[in-house]
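Quick note on our numbering: the sequence shown kicks off at 508 and runs consecutively. Data block below; observations after.
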Amino acid sequence: MTPGQTETVAVLAGGVGAARFLRGLLRVRRPTDVTAIVNVGDDFTLHGLNISPDLDTVTYTLASVINPETGWGRAGESWRVLTELGRLGGQDWFQLGDLDLALHLYRTQRRSEGASLSQVTGEIAASFGLELTLLPVSDDQIQTRITPAEPTGAAEIDFQDYFVAQRHGISIRAVRFAGIDTARPAPGVIEALWGSAVVVVAPSNPFVSIGPVVDVPGVREVLAQRRHSVVAVSPIVGGASIKGPAGAMMTELGHEASAVGVARLYAEFAGTLVIDDADRDLAPAVSDAGMSPVVADTIMSSPERAAALARTTLEAVSGS
Ligand code: FO1
């Protein structure tokens with residue numbers, strides 16, 4: 508460890524759960540000591556616009572402009588464009604509000620000028636006054652693709668078709684990240700993973716949020732080499748996910764929907780797992796799966812509770 512490194516934290520992040528964890532973390536760490544490395548497997552193009560839902564959820568949450576009811580999109584949003592689009596018979600299944608649309612227009616324009624996703628992400632974060640380092644895991648395209656359990660005509664569907672259009676209400680058989688084999692970590696990702704005192708795997712969906720981050724070539728390898736200082740927070744509490752389909756997905760993909768199932772997925776690259784008070788009895792089985800369990804309140808119903816969880820998470824591996 509080098510001087511100045513003791514406080515630094517890298518966080519592997521999906522959307523809503525990770526954003527709330529990061530909001531808590533920024534109460535106990537200086538923003539300039541934090542790097543968030545965010546999933547881009549959910550990214551897609553709609554109306555010709557480049558949309559990066561997880562990056563935007565993290566940005567809006569940390570900028571305190573997030574819609575608190577949905578956990579995505581802007582607070583105080585208006586919907587004039589979407590309403591008119593619906594009247595025209597356009598695609599209105601994915602709710603893009605007027606303020607949110609401005610961000611997608613900006614990102615798309617900058618990308619068409621040749622800016623990378625990480626450059627644009629930095630510009631957007633700075634425009635909101637954010638001081639942490641916010642990075643997409645890769646500037647290359649990675650697309651999460653879902654195979655439904657029952658053939659629906661299409662063998663595979665896009666992630667947002669599964670998640671939003673079908674309200675993740677169908678059983679799935681497989682998840683694949685198209686393009687990931689040749690994707691390169693974005694500038695700064697590997698450096699942050701090596702250079703931070705602690706790496707946190709946020710309480711995000713292990714398959715569709717953390718999967719497309721750790722499967723980018725090079726990422727899992729770095730984590731595995733320093734797994735003693737990698738700590739994950741279980742997104743599964745009492746056998747179900749706090750939000751979204753993670754619990755159902757674990758069962759459908761042949762895993763145990765519990766903190767123990769999470770431990771079996773993460774043990775190769777993370778040494779410690781924070782599990783909820785409600786799962787206290789699972790601590791010995793988490794240990795048997797190869798991760799040191801730490802029991803804490805993981806329900807981030809307020810920024811204060813999220814800050815307490817962040818502090819416990821960091822202490823679990825650094826004693827800080
Ligand atoms: N999720 C929904 O369930 N319905 C939506 O209409 C929707 C719109 C949307 C717009 C912008 C954005 O950044 C996110 C949005 N999300 C919506 C959330 C998002 O698609 C998913 O939560 C993530 O991709 C999963 O992490």
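Idealized CB from N, CA, C, for every residue including glycine.
Asked	Found
Paired residues, beta bridge with serine 683 - DSSP	Reading the sequence as shown, one finds arginine at residue 683 and not serine. DSSP output for arginine 683 lists Arg652 as bridge partner(s).
Which of helix, strand or coil DSSP assigns to alanine 520	strand
Check: glutamine 667 C-beta below 8 Å from any heavy atom of the ligand FO1	yes
Inter-residue Cα distance where the pair is valine 572 and proline 742	24 Å
Boundaries (first-last residue) of the beta strand (DSSP E) holding serine 799	799 to 803
Any non-hydrogen atom of the ligand FO1 closer than 8 Å to valine 627 Cβ	no
Any non-hydrogen atom of the ligand FO1 closer than 8 Å to proline 710 Cβ	no
Spatially closest choice to valine 802 from Ala817, Glu811, Ala699, by CA coordinates	Ala817
Inter-residue spacing [alpha-carbon to alpha-carbon] between isoleucine 749 and isoleucine 806	8 Å
Chain-order list of residues whose beta-carbon lies under 7 Å from that of arginine 787 (same chain, five-residue window excluded)	Val802
beta-carbon aspartate 605 near the ligand FO1 non-hydrogen atom, thresh 8 Å	no
Rounded C-alpha distance that separates leucine 730 from leucine 556	33 Å
Arginine 794 in three-state terms, based on DSSP	The residue you asked about is not arginine; residue 794 is serine in the sequence shown. Of the three classes helix, strand and coil, the one that applies to serine 794 here is helix, per DSSP.
Glutamine 598 Cβ short of 8 Å to the ligand FO1 heavy atom set	no
Among Asp647, Ala633, Phe635, Arg536, nearest to aspartate 550 - alpha-carbon criterion	Asp647
Option nearest threonine 539 by Cα separation, candidates Leu637, Gly578, Glu822, Ala814	Leu637
Residue burial classification, aspartate 563 (beta-carbon count within 10 angstroms, cutoff 16)	buried
Neighbour-count burial assignment, glycine 761, 16 or more Cβ in a 10 Å radius	exposed
Phenylalanine 635 CB to nearest heavy atom of the ligand FO1 below 8 Å	no
Expected contact under 8 Å - CB spacing of glutamate 514 and arginine 530 to nearest Å	With 8 Å as the limit, glutamate 514 and arginine 530 do not qualify as a contact, their Cβ atoms being about 18 Å apart.
Per-residue burial, serine 585 [other beta carbons within 10 Å of its own, 16 or more giving buried]	exposed
Alpha carbon of leucine 639 to alpha carbon of threonine 651, nearest angstrom	26 Å
Contact test: valine 671 Cβ vs the ligand FO1 heavy atom, cutoff 8 Å	yes
Proximity of alanine 517 and isoleucine 558 at Cβ, strictly below 9 Å	no
Beta-carbon separation (whole angstroms), isoleucine 649 vs alanine 709, contact threshold 8 Å	So it is not a contact: roughly 18 Å between Cβ atoms.
Same chain, Cβ closer than 8 Å to glycine 745, neighbours up to 5 away in sequence not counted	Asp783, Ala785, Asp786
Distance between valine 627 and arginine 617 (C-alpha atoms, nearest Å)	7 Å
Any non-hydrogen atom of the ligand FO1 closer than 8 Å to glutamine 602 Cβ	yes
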